[in-house]
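The block underneath contains the structure these notes are about, expressed in structure tokens.
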Amino acid sequence: MATMDNKFSTIQVEYETEKLEAVRIYLRDKNSTVERELADAIESVFKKVVPVAVRGYIEKKNAPPPKPVTSDQQSE
Numbered sequence: 242m243a244t245m246d247n248k249f250s251t252i253q254v255e256y257e258t259e260k261l262e263a264v265r266i267y268l269r270d271k272n273s274t275v276e277r278e279l280a281d282a283i284e285s286v287f288k289k290v291v292p293v294a295v296r297g298y299i300e301k302k303n304a305p306p307p308k309p310v311t312s313d314q315q316s317e
């Protein structure tokens with residue numbers, strides 16, 4: 242899950258124009274986009290190749306800080 246602290250990189254891929262247009266047409270029918278499908282694909286690759294411990298570290302590192310406990314919450 243992305244947080245505000247995450248930095249993002251852009252990936253460029255060369256692909257045949259006619260094929261890309263066909264993909265866009267058929268993805269439109271499925272209410273999707275090339276960008277969404279590629280983001281899902283790279284996430285799948287990430288989960289496949291990056292060890293679980295490293296993924297857990299990244300998730301903890303990027304998690305929002307816990308909210309401080311207020312005096313109202315302490316008295317409950």
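Using this note's numbering, the first residue of the sequence shown is number 242, and each one after it goes up by one.
Every residue gets a Cβ at the ideal spot worked out from N, C-alpha and C, and that includes glycine.
Identify, in the order they occur along the chain, each residue of the same chain with its Cβ nearer than 7 Å to the Cβ of residue i, setting aside the five sequence neighbours on each side.
| i | result |
| --- | --- |
| Tyr267 | none |
| Ala280 | none |
Got a sec, what are the start and stop residues for the alpha helix (DSSP H) residue i sits in?
| i | result |
| --- | --- |
| Pro303 | For clarity, residue 303 is Asn in the given sequence; the question names Pro instead. Per DSSP, Asn303 belongs to the alpha helix (DSSP H) from 293–303. |
| Thr258 | 258–270 |
| Ile283 | 275–290 |
Less than 7 Å separating the beta-carbons of residue i and residue j?
| i | j | result |
| --- | --- | --- |
| Leu275 | Val264 | The sequence shown places Val at residue 275, rather than the Leu named in the question. Contact flag set, yes. |
Whose C-beta lies closer than 8 Å to the C-beta of residue i among residues of the same chain, with five residues either side of it excluded?
| i | result |
| --- | --- |
| Ile283 | Ile252 |
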